[in-house]
Amino acid sequence: MEIGLNHYLVLSTILFAIGLVGVMKRKNLLLLFFATEILLNSVNIAFAAISHYYGDLTGQMFAFFVIAIAASEVAVGLGLLIVWYKRHGNIDLETMTSMRG
Amino acid sequence: MFEAVAFYLFAFLTIAMFFITVTTSQALYALTALAAGMIFISAFFFILGADFLGAIQIIVYTGAVMALYAFGMMFFDTTREVKEKKGNKYIIVGLSTLAAVLIVVIFAAPMVSENIVALYPVIEGVGNTQLVGVILFTKYLIPFEVAAIMLLVAMVAGIVLAGKKMDLSLTLMSAEEIEEIKKEKNKKVLS
Numbered sequence: 010m011e012i013g014l015n016h017y018l019v020l021s022t023i024l025f026a027i028g029l030v031g032v033m034k035r036k037n038l039l040l041l042f043f044a045t046e047i048l049l050n051s052v053n054i055a056f057a058a059i060s061h062y063y064g065d066l067t068g069q070m071f072a073f074f075v076i077a078i079a080a081s082e083v084a085v086g087l088g089l090l091i092v093w094y095k096r097h098g099n100i101d102l103e104t105m106t107s108m109r110g
Numbered sequence: 773m774f775e776a777v778a779f780y781l782f783a784f785l786t787i788a789m790f791f792i793t794v795t796t797s798q799a800l801y802a803l804t805a806l807a808a809g810m811i812f813i814s815a816f817f818f819i820l821g822a823d824f825l826g827a828i829q830i831i832v833y834t835g836a837v838m839a840l841y842a843f844g845m846m847f848f849d850t851t852r853e854v855k856e857k858k859g860n861k862y863i864i865v866g867l868s869t870l871a872a873v874l875i876v877v878i879f880a881a882p883m884v885s886e887n888i889v890a891l892y893p894v895i896e897g898v899g900n901t902q903l904v905g906v907i908l909f910t911k912y913l914i915p916f917e918v919a920a921i922m923l924l925v926a927m928v929a930g931i932v933l934a935g936k937k938m939d940l941s942l943t944l945m946s947a948e949e950i951e952e953i954k955k956e957k958n959k960k961v962l963s
């Protein structure tokens with residue numbers, strides 16, 4: 010059986026849906042960051058698959074930049090999270106209501 | 773045949789790992805499952821012939837990002853069980869399905885048009901890493917440099933934010949508290 014582009018796109022979509030459920034379900038900010046990593050990785054799979062099946066390297070280039078952005082996002086996000094934890098003692102989303110949203 | 777077996781095996785493993793990540797109530801299990809899922813994703817890149825991307829995936833995600841998360845978890849109280857939101861399940865499932873369908877439409881749109889021309893076609897007989905290097909340092913040189921600056925800024929931000937006394941905010945403190953901090957500093961200098 011031949012594995013085509015659609016297989017990879019369906020897999021990417023399933024992973025994206027899992028990540029999205031995680032983003033909406035989680036209350037702990039650290040676990041919410043995990044869910045965003047899943048979202049970024051699922052898109053990377055789609056990029057790499059399209060790059061392979063069209064014989065074009067642009068998709069891989071975009072995947073590299075997505076990885077770079079994910080790395081810097083983690084660095085800054087964890088720094089902010091540590092500051093918040095030192096000041097308030099927990100990292101639950103429901104405690105971050107100082108803007109009364 | 774082997775490609776199909778590998779694809780289905782790793783697809784199952786990846787979905788299972790990420791499912792554990794979003795459903796477990798223990799932060800340590802979530803971290804471990806996420807690291808495993810990242811490694812399984814790199815298998816897809818190797819199947820697809822993107823060797824360099826697969827190596828980068830392992831190095832950056834399971835090497836750097838997971839280590840960063842592990843360090844971060846040392847600061848937080850992760851031994852207790854994580855409480856979860858009691859939201860409307862129909863809204864969550866509906867929105868996820870909608871967004872997933874949207875992603876498929878986004879990726880299917882260029883295929884429907886069927887007049888895609890490869891901008892940087894893969895040359896036969898040249899390795900993936902060489903091609904990536906050639907394209908990255910010619911056509912994508914400026915985005916590459918911008919990404920380097922962005923990583924530098926992120927590194928400085930991470931060092932500054934996680935440093936000492938960064939939890940104190942001068943704008944949120946009263947004048948007396950600021951005076952006390954100044955006195956403490958002077959004491960340390962004198963002693």
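Chain order of the listed sequences is F and Y.
Under the working numbering, the first residue of the first sequence carries the number 10, and numbering increases by one thereafter.
Under the working numbering, the first residue of the second sequence carries the number 773, and numbering increases by one thereafter.
Where is the CB? At the ideal position from N, CA and C, for every residue including glycine.
Predicted, not measured: the structure shown is a model, and the values here were computed from it.
* Which of the three DSSP states, helix, strand or coil, is assigned to ASN99 (chain F)? -> Start at 1 with the first residue of the first sequence, and residue 99 (chain F) comes out as number 90. Look at ASN99 (chain F) here: in three-state DSSP terms it is coil, with no helix or strand label.
* Comparing the C-beta of THR105 (chain F) with each C-beta of chain Y, is any distance below 8 angstroms? -> Locating residue 105 (chain F) in the first sequence gives position 96, where the first residue counts as 1. For clarity, residue 105 (chain F) is Met in the given sequence; the question names Thr instead. Chain Y, which has no Cβ nearer than 8 angstroms to the Cβ of MET105 (chain F), makes this no.
* Measure from the C-beta of GLY13 (chain F) to each C-beta in chain Y and report whether the shortest distance is under 8 angstroms. => Working through the first sequence from its first residue, we reach residue 13 (chain F) at position 4. So, not an interface residue.
* **For ALA926 (chain Y) and LEU90 (chain F), the rounded distance between their alpha carbons** => The residue given as residue 90 (chain F) occupies position 81 in the first sequence. The residue given as residue 926 (chain Y) occupies position 154 in the second sequence. Rounded to the nearest angstrom, the gap between the Cα atoms of LEU90 (chain F) and ALA926 (chain Y) is 14 angstroms.
* Taking only the alpha-carbon atoms, compute the straight-line gap between GLY821 (chain Y) and ASN900 (chain Y) and give it to the nearest angstrom. => Start at 1 with the first residue of the second sequence, and residue 821 (chain Y) comes out as number 49. Start at 1 with the first residue of the second sequence, and residue 900 (chain Y) comes out as number 128. Put simply, the backbone Cα of GLY821 (chain Y) is about 7 angstroms away from that of ASN900 (chain Y).
* To do: Would you please state the rounded distance, in angstroms, between the beta carbons of LEU24 (chain F) and ILE931 (chain Y)? I believe it to be under 8 angstroms.
  => One-based indexing of the first sequence puts residue 24 (chain F) at position 15. One-based indexing of the second sequence puts residue 931 (chain Y) at position 159. So it is not a contact: roughly 32 angstroms between Cβ atoms.
* Would you call VAL775 (chain Y) buried or exposed, if buried means 16 or more other Cβ atoms sit within 10 Å of its Cβ? -> Translated into the one-based positions of the second sequence, residue 775 (chain Y) becomes position 3. The sequence shown places Glu at residue 775 (chain Y), rather than the Val named in the question. Answer is exposed; the Cβ neighbour count stays below 16.
* Flag this pair as yes or no: are the beta carbons of TYR892 (chain Y) and THR67 (chain F) separated by less than 8 angstroms? => Residue mapping note: residue 892 (chain Y) aligns to position 120 of the second sequence, counting from 1. Residue mapping note: residue 67 (chain F) aligns to position 58 of the first sequence, counting from 1. Cβ distance < 8 angstroms, so TYR892 (chain Y) and THR67 (chain F) count as in contact.
* Asked: At least one CB of chain F closer than 8 angstroms to the CB of THR943 (chain Y): is that the case?
  -> Indexing the second sequence from 1 puts residue 943 (chain Y) at position 171. Cβ-Cβ to chain F under 8 angstroms: no for THR943 (chain Y).
* Asked: If you draw a straight line from the alpha carbon of ASN53 (chain F) to that of ILE863 (chain Y), how long is it in whole angstroms?
  -> Reading the first sequence from its first residue, position 44 is the one you call residue 53 (chain F). Reading the second sequence from its first residue, position 91 is the one you call residue 863 (chain Y). If you take the alpha carbons of ASN53 (chain F) and ILE863 (chain Y), they lie about 27 angstroms apart.
* To do: Examine the Cβ distances between the segment 828-846 of chain Y and the segment 910-920 of chain Y and report whether three or more of them are shorter than 8 angstroms.
  => Using a Cβ-Cβ distance cut-off of 8 angstroms, the segment 828-846 of chain Y and the segment 910-920 of chain Y are not in contact, since fewer than three pairs of beta carbons, one from each stretch, lie closer than that value.
* Asked: What is the DSSP secondary structure of ASN860 (chain Y), reduced to helix, strand or coil?
  -> Against the second sequence, residue 860 (chain Y) aligns to sequence position 88. Here ASN860 (chain Y) sits in coil by DSSP.
* Bounding residues of the alpha helix (DSSP H) (the contiguous stretch that carries ASN15 (chain F)) -> Start at 1 with the first residue of the first sequence, and residue 15 (chain F) comes out as number 6. Counting along the chain, ASN15 (chain F) sits inside the alpha helix (DSSP H) bounded by residues 14-34.
* Mind listing the chain Y neighbours of VAL75 (chain F)? Cutoff is C-beta to C-beta under 9 angstroms, in chain order. => Indexing the first sequence from 1 puts residue 75 (chain F) at position 66. Those within 9 angstroms of VAL75 (chain F) in chain Y number zero; the least Cβ separation is about 10 angstroms.
* Asked: What span of residues does the alpha helix (DSSP H) with ALA836 (chain Y) cover, start to end?
  -> In the second sequence, counting from the first residue as 1, residue 836 (chain Y) sits at position 64. Membership of ALA836 (chain Y) in any alpha helix (DSSP H) is not indicated, and neither H nor E is assigned to it by DSSP.
* Cβ pair LEU5 (chain F), LEU840 (chain Y) closer than 8 angstroms -> Chain F is shown only over 10 to 110; residue 5 (chain F) falls outside these bounds and no answer can be derived.
* To do: Please confirm if the segment 860-874 of chain Y is in contact with the segment 68-77 of chain F, defined as three or more CB-CB distances below 8 angstroms between the two stretches.
  => At 8 angstroms Cβ cutoff, the stretches do not touch.
* Asked: Just reading off the alpha helix (DSSP H) that ALA934 (chain Y) is part of, what are its end residues?
  -> The sequence position of residue 934 (chain Y) within the second sequence is 162, counting from 1. Counting along the chain, ALA934 (chain Y) falls outside any alpha helix (DSSP H), and DSSP gives it neither H nor E.
* Can you tell me the Cα-Cα spacing of PHE42 (chain F) and THR22 (chain F), whole angstroms? -> Mapped onto the first sequence, residue 42 (chain F) falls at position 33. Mapped onto the first sequence, residue 22 (chain F) falls at position 13. In a straight line, the C-alpha of PHE42 (chain F) is about 19 angstroms away from that of THR22 (chain F).
* Asked: Taking 8 angstroms as the CB-CB cut-off, is PHE779 (chain Y) touching chain F?
  -> In the second sequence, residue 779 (chain Y) corresponds to position 7, counting from 1. True, the Cβ-Cβ gap to chain F drops below 8 angstroms.
* Which whole-angstrom value describes the C-beta separation of PHE843 (chain Y) and ILE100 (chain F), a residue pair presumed to lie in contact below a C-beta threshold of 8 angstroms? -> On the second sequence, position 71 is the one that residue 843 (chain Y) refers to. On the first sequence, position 91 is the one that residue 100 (chain F) refers to. Contact doesn't hold; Cβ gap of about 15 angstroms is too wide.
* Any idea what DSSP makes of SER963 (chain Y), helix, strand or coil? -> Within the second sequence, residue 963 (chain Y) is the residue found at index 191, counting from 1. With a pLDDT of 49 at SER963 (chain Y), under the threshold of 50, the modelled position of that residue is not reliable, and no figure is offered here.
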